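Below is one structure, written out as structure tokens, with a few remarks after it.
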């Protein structure tokens, strides 16, 4: 079923059906946003490194590093 077909049928749904659809879509979208175990492990490792005094960067410093990296890659 296409998005247009779904939108065409929405007005025909009861309020309860619309709520159920909302809950299903909300759950589907929430599931897509979950981080992988690998991402969470890397995040934990970086937090521990930061706690041990590892170098951190400001947003401006990080942006400059990205600009420098892109400039070098384009050469």
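Residue numbers (our numbering): 1 to 75. A virtual CB, placed ideally from N, CA and C, is assigned to each residue, including glycine. Since the model is a prediction, treat every value here as computed from it, not as a measurement.
Host alpha helix (DSSP H) of residue i (start-end)
| i | result |
| --- | --- |
| residue 69 | 59-74 |
Own chain residues within Cβ distance below 8 angstroms of residue i, not counting five before or after
| i | result |
| --- | --- |
| residue 56 | 50 |
Pair within 8 angstroms by beta-carbon distance, residue i and residue j
| i | j | result |
| --- | --- | --- |
| residue 13 | residue 7 | no |
Where residue i sits in the DSSP three-state scheme
| i | result |
| --- | --- |
| residue 38 | helix |
| residue 13 | coil |
| residue 52 | coil |
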